[in-house]
Amino acid sequence: MLTDNELVRTTLVSGEPELGKAFLFEAAISWAKEGQQIHYFTSKQIESLPPAFHDRSEPSANALKNITFIYTPSYEELIGQLVRLQTFQKPPSILLVDELDVFSDYRNIGSSSRELHAARCCAVLLNAAQSCARVTCPPVHVCVTSFSKDQARRATYGKYFDNCWNISSEEAESETPGSVWMRRGDGQKAMEFKRLDDAVLVLKRVFSCQC
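Going by the numbering used here, the first residue of the sequence shown is number 2, and it counts up by one from there.
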């Protein structure tokens, strides 16, 4: 991990896009209820809410005011917004990025340069978080989603994010129909959810870590 985790704590969520986006949105709601200020960066405007988690109560209007959704359709616009955070007198304590791959994938350059670009994208994001942490009460949390299958890019991400999770359904592998699994970075199962007909996710089991 390339940051001081006393100042910044980082999490990367991979797996199925619909489920990863639901997890990121739930994280935003949870932190907002605690009074944290959140900047939620997305390359696409949110047109509908992702599936909800069953045990979540509806957030109050005041809690929702703690979430600032920022539409950044390009790498340059994301970087511009992150750099601006250094000028804030009261910066956010939570930085969420939906689909980091959109910003770290620069298709017009060669493979080795593309890995460098992904590293640069992560470094700017974490540098912005460190700048926020020097003003607000640390730690600042950074949570992103990534759905890339590119092993080189995933290896690059692994240098910057100290918590990696995968969330996916496994009906194709003859697991329990309708189950959704949250796994740790080492592949161990951490949680099992049941997906209801209306797409709501209900927590069924929490697995102990086999360390």
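All C-beta atoms in this analysis are idealised placements derived from N, C-alpha and C, irrespective of residue type, glycine included. A quick note: this is a predicted structure, and the numbers were derived from the prediction, not measured.
| Item | Value |
| --- | --- |
| Take the Cβ of Tyr72 as the centre, count every other Cβ of all protein chains shown within 10 Å, and call the residue buried at 16 or more, exposed below. | exposed |
| Report yes if the C-beta distance between Pro140 and Val9 is below 8 Å; otherwise report no. | yes |
| Buried or exposed: Thr88, going by 16 or more other Cβ atoms within 10 Å of its Cβ? | exposed |
| Name, in chain order, the residues that DSSP records as bridge partners for Leu20. | Looking at the DSSP assignment, Leu20 forms no beta bridge with any residue, so it has no partner. |
| Are there three or more Cβ pairs, one per stretch, closer than 8 Å when the segment 185–195 is compared with the segment 128–138? | no |
| Between Tyr1 and Ser147, is the Cβ-Cβ spacing less than 8 Å? | Lying before the first or after the last residue shown, residue 1 is absent from the chain, which here runs from 2 to 212. |
| Relative to the C-alpha of Ala130, which candidate in Phe54, Ile95, Lys34 and Ala62 has its C-alpha closest? | Ile95 |
| Pull up the distance between the alpha-carbon of Lys22 and that of Asn67, whole angstroms please. | 19 Å |
| Tell me whether Ile71 sits in a helix, a strand or coil according to DSSP, three-state version. | strand |
| Taking the beta strand (DSSP E) that Thr146 falls in, what are its first and last residues? | Val141 to Thr146 |
| Around the Cβ of Ser170, are there at least 16 other Cβ atoms within 10 angstroms (buried) or fewer (exposed)? | buried |
| Identify, in the order they occur along the chain, each residue of the same chain with its Cβ nearer than 6 Å to the Cβ of Thr43, setting aside the five sequence neighbours on each side. | Asp99 |
| Report back the beta-carbon spacing between Ala29 and Leu97 to the nearest angstrom; my notes put them in contact at under 8 Å. | 6 Å |
| Cβ of Thr69 within 8 Å of Cβ of Trp166? | no |
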